[in-house]
Amino acid sequence: MFTTRPPLLEVKRNGEPKTATLVKASSRLPLPGSKLKRGPDEMEGTLEPAKKRIRGLGAVTKVDASRPRGPLLSTVAQDRTAALKAPKKPGPRGATAVSTVLRNRKPAPTVSAPKPATSAAPAVVGKKPGKRPAWDLKGQLCDLNEDLRRYREKTQALDRENQGLREQLREVQEQATNLGTERNTLEEELAIVRTQAEQGQQKLETLSARVVELEGWLGTKERLVQELQQEQLQLQEERQALGARVEEQERRLQASEAALSSSQAEAACLRQKTAVQETLLAEQGDRLHGLEMERRRLHNQLQELKGNIRVFCRVRPVLAGEATPSPSFLLFPPGPAGPSDPPTRLSLSRSDDRRATLTGAPAPATRHDFSFDRVFPPGSRQAEVFEEISMLVQSALDGYPVCIFAYGQTGSGKTFTMEGGPGDDPQLEGLIPRAMRHLFSVAQEMSGQGWVYRFVASYVEIYNETVRDLLATGTRKGQGGECEIRRAGPGSEELTVTNARYVPVSCEKEVEALLHLARQNRAVARTAQNERSSRSHSVFQLQISGEHAARGLQCGAPLNLVDLAGSERLDPALTLGPGERDRLRETQAINSSLSTLGLVIMALSNKEPHVPYRNSKLTYLLQNSLGGSAKMLMFVNISPLEENVSESLNSLRFASKVNQCVIGTAQANKK
Ligand code: ADP
Ligand code: MG
C-alpha cells in the first residue's frame, strides 16, 4: 500500500530543494532578439509588472490549501514546458544556467497525479514577471524577491501539504498497522483456513476414496441388483407356476374333500357294518374255537383209531457197490384196495440153508410176511414218509405227547430217516427238520386264532447207559457223561437232563444249526470211539407249550424223535477178544435198553401195574411220552440186502410185537 504512492516518494527522492530549482527557473532571462511566444498574462506583465505581480500574488493566495500539490505540480510542468520551448542555441549565462537546470530536471511523475490542480496553474503562470531590461537589476531583484516570497508561500503550502501528507501517512501507517494486524489475523485465519483446507483436502481425499469405494460397491450392488432382478423374474415365473399348481391342487382338494365327505359317509356306514361284522366275527371265533376243539378231538380219535402205537416199516434202497438181492427176497404185496393203496405188508424170503444141507436139494425159501400200519418200499421219498407222520406232529401241537422211534440194525437207514441224507439237498431232509418246519408253520396259523406257542429243543445221546449232551458247546464240547436225568422239580412229573442245553427255537434255521452242532459233537466222539453213534440212542426232544390267553387255555407236550442204536446182535459163536468184550458190553447195554423199551410197551399194552421205565435210561427219559395219553410211532428200518436177512427178521419180529400192542386212550395234556 505504501509503495503505491509515487507522488509522495517522488517528492522525497528529488532531494534537491524545490525552492532552488524554482528560483533558477524563474531567474531565466530572455535572449535578446528572440521571438518569445507569450501568453496573455505575460503580455500583461510586461506592461504592468507591479500590478501583475500583485494580481499574481492574489492568484497565489487563491490557491486552495486543501490541494497543495496542484499548484506545485502545475508550476513545475509549466516551467518545463517553457524551458522546452526555449531556443536550443546557447544564450546569455543566466538563461543558459536555467536551461541547464531545466534539462537536468527529471520529468516529474506527478504529472499523472490523481488530483490535477487545473485551477491553480493559470494563477502561477499569470504571476510570472515580464521581461526586464538587463539594467533593471532592481526590478529583477524585486521580481526575485517576489518570487522568493511566492515560493515561501508555496513552501508553506507545501509544508502544510506535507503535514497533511504526514497525517495521511500516519493515517495510512495506522491503516497499515491495522491492516498489518488485520493481515496477521487474516494470515492466522488463512493458516486456519489452510489447515482446514488441508483437512478438507484430506477429507476430500478420504471422501474421494470412499466415493471410489462406494462406486465399486455400487457397481457390485448394481450387479447384485441385476442378479436379484433376474432371480425375482425367475421367482415370479415360479410363483406363477406354483400359483397354477396351487389352483390345480385346490381344485383337486375340493374334489378330494367332496370324495372325503362321501368317503366319511361310507366310512360311517362301513363302521356300522364293521361293528356288525365284529359281532359276527366274535361269534365266528367262538364257533371256530369250538370247531378247533372238535377237530382236535376228532383228530385224536382218528389217531386212536389208527392206534396209539403205530409201526411203519421202511426198507432202504440198495446202495452203490452193494450186492443186488434176488427180486423175490423182499416183496411188497399191494393193499386190499389194489396197487393204488399204500402198501402195508412186507414179505421176506429166507432160504433154509440148514435143510438144504441135510437133504442136498436146493435150499427152500421160507416166506415171512409182516403187516404194519404202513410199509415204505425202497423208492419212497422223504416227503412221502413225513406226510404220514405229519398228523402225529399235529397231535403234539394239540397237547398229546408224541414219540417217534427209528429202530433197526446199523446201516438200515435210521439216521437217514430221522435227520436226512448227506449234503444240503432239501429233498433228502429227514423227519426232524420237516417236523420242525411243520410245527412252526402250524403255530403261525394258530396264532391267528389266539394261540401262542413256544418251542424248546434239546438233543442228547444215551451211550452205554450214560447221557451226553449233543448240543454242548465250548469246553464241554465232545465230553461225555455228567448228564443225569432228573425230575424238573419236587413233585413234578416233568423230567429234565442236568447239564444239557435246552435251546428255545422259533425257526428252521435255528433247528438246522442245532442239528449241525449235534453232528459235529458226534464226529468228535467218533474219533474217540469208533462208530459209537451206531451204538447209542440219539434223543431229540422238543418241549411244546401253547397258550390261548383270551380263553385261558394252555397245552404242552413233548415231541420225541429217537434214533435208536443199532439193533444187531453179537454173534455168540465169535471169539471174544479184549476189544470185543467192550463191544459185548455195549451190545448188551443196547439190547438191554431196546428190550426194556419192548417190555415197557408190552407192560403198557397189557396195562400191567408196573411199567419198568427205570430199567433203562432211554425208557426213563421217555417215560412221559410212552403210554397213557402219548402217541407212539415206530419206524422199523430194514436193509434190502440178503446178507442182513437175519437182522431184518429180528427187527421185523420186534416191530410186529410192538405193533400188536394197543395202548389205552390217549389223553391230551390240557390244563
Ligand atoms: P443207520 O443210521 O441205521 O445206521 P444210515 O441212516 O446211516 O443207517 O444209512 C446208511 C446208509 O444208507 C447211508 O449212507 C444212507 O445215506 C443210506 N440210506 C439209508 N436210507 C436211505 C434211503 N431211504 N434212500 C437213500 N439212501 C439211504
Ligand atoms: Mg445211524
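Per this note's numbering, the sequence shown runs over residues 323 to 993.
We put the beta carbon where it would ideally sit given N, CA and C, even for glycine.
All values reported here derive from a predicted model rather than from experimental measurement.
{"Item": "Does the distance from the C-beta atom of L940 to that of L886 stay below 9 angstroms?", "Value": "yes"}
{"Item": "Might you give, ordered along the chain, the residues of its own chain that have their beta carbon closer than 8 angstroms to the beta carbon of P647, omitting 5 neighbours on each side?", "Value": "V640, P962, L963 and E964"}
{"Item": "What's the call for P748, buried or exposed, on a 16-neighbour Cβ count within 10 Å?", "Value": "exposed"}
{"Item": "Answer with buried or exposed for W773, where buried requires no fewer than 16 other C-beta atoms within 10 angstroms of its C-beta.", "Value": "buried"}
{"Item": "In or out: Q982 buried (at least 16 other Cβ within 10 Å) or exposed?", "Value": "exposed"}
{"Item": "Between K736 and the ligand ADP, is there a pair consisting of the residue's CB and a ligand heavy atom that are separated by less than 8 angstroms?", "Value": "yes"}
{"Item": "Report buried or exposed for N506, applying the criterion of at least 16 other Cβ atoms within 10 angstroms of its Cβ.", "Value": "exposed"}
{"Item": "Does any heavy atom of the ligand MG sit closer than 8 angstroms to the C-beta of S856?", "Value": "yes"}
{"Item": "With 16 as the cutoff for other CB atoms within 10 Å, does D691 come out buried or exposed?", "Value": "exposed"}
{"Item": "DSSP has Y729 in a bridge; who is on the other side?", "Value": "V958"}
{"Item": "Any chance the CB of T732 is under 8 angstroms from a heavy atom of the ligand MG?", "Value": "yes"}
{"Item": "Could you give the distance in angstroms between the alpha-carbon of L369 and the alpha-carbon of L480?", "Value": "Confidence at L369 is low in this model, with a pLDDT of 42, below 50, so its placement is unreliable and the value that follows should be read with caution. Roughly 31 angstroms separates the two Cα atoms."}
{"Item": "Looking at the secondary structure, which residues open and close the beta strand (DSSP E) in which T941 lies?", "Value": "It is not in any beta strand (DSSP E) - T941 instead sits in the alpha helix (DSSP H) that spans K939 to L943."}
{"Item": "Quick check: the region 780-797 against the region 821-831, are there 3 or more CB pairs under 8 angstroms?", "Value": "yes"}
{"Item": "At what residues does the alpha helix (DSSP H) containing A779 begin and finish?", "Value": "Taken as a continuous stretch (DSSP letters only), A779 belongs to no alpha helix (DSSP H), being part of the beta strand (DSSP E) at W773 to Y785."}
{"Item": "Could you give the distance in angstroms between the alpha-carbon of L921 and the alpha-carbon of G950?", "Value": "15 angstroms"}
{"Item": "Considering only their Cβ atoms, is the gap separating L955 from S938 smaller than 9 angstroms?", "Value": "no"}
{"Item": "Helix or strand or just coil, what does DSSP make of N882?", "Value": "strand"}
{"Item": "Does the ligand ADP have a heavy atom nearer than 8 angstroms to the CB of D885?", "Value": "yes"}
{"Item": "State the start and end residues of the unbroken alpha helix (DSSP H) segment that holds E709.", "Value": "Q704 to L719"}
{"Item": "Is it right to say G701 is buried, meaning 16 or more other beta carbons lie within 10 angstroms of its own, or is it exposed?", "Value": "exposed"}
{"Item": "Can you have a look at L883 and say buried or exposed, based on whether 16 or more other CB atoms are within 10 angstroms of its CB?", "Value": "buried"}
{"Item": "Quick one: what's got a C-beta closer than 8 angstroms to M323's C-beta in the same chain, skipping five residues either side?", "Value": "Low confidence applies here, because M323 scores a pLDDT of 41, under 50, leaving its location unreliable and the question unanswered by this model."}
{"Item": "What's the gap between the Cα of L906 and the Cα of R857?", "Value": "11 angstroms"}
{"Item": "Taking the alpha-carbon positions, what's the V547 to T517 distance?", "Value": "42 angstroms"}
{"Item": "Could you check what DSSP says for K525 in three-state terms: helix, strand or coil?", "Value": "helix"}
{"Item": "In the region 628-698, which residue ranges form an unbroken alpha helix (DSSP H) of at least 4 residues, counting only runs that do not cross its ends?", "Value": "675-681"}
{"Item": "Within 10 angstroms of its Cβ, does I514 collect 16 or more other Cβ (buried), or is it exposed?", "Value": "exposed"}
{"Item": "Would you call the region 746-763 in contact with the region 708-716, where contact means no fewer than 3 C-beta pairs closer than 8 angstroms?", "Value": "yes"}
{"Item": "Mapping DSSP to helix, strand and coil, what is L817?", "Value": "strand"}
{"Item": "Looking at V634: is its Cβ nearer than 9 angstroms to the Cβ of S978?", "Value": "According to the sequence as given, residue 634 is Phe; it is not Val. No, they are not a contact pair."}
{"Item": "If distances are taken between C-alpha atoms only, which option among A642, P455 and R672 comes closest to F651?", "Value": "R672"}
{"Item": "Taking the straight line between their C-alpha atoms, what separation do you get for A404 and Q478?", "Value": "A caution first: A404 carries a pLDDT of 44, below 50, which makes its placement in the model unreliable, though a value can still be read off. The straight-line gap from Cα to Cα measures roughly 25 angstroms."}
{"Item": "Looking only at C-alpha atoms, which of L948, R619 and V782 sits nearest to E804?", "Value": "V782"}
{"Item": "As a quick exercise: from P880, L817 and G888, pick the residue whose alpha carbon is nearest that of Y935.", "Value": "L817"}
{"Item": "Less than 9 angstroms between the C-beta atoms of V724 and S947, yes or no?", "Value": "yes"}
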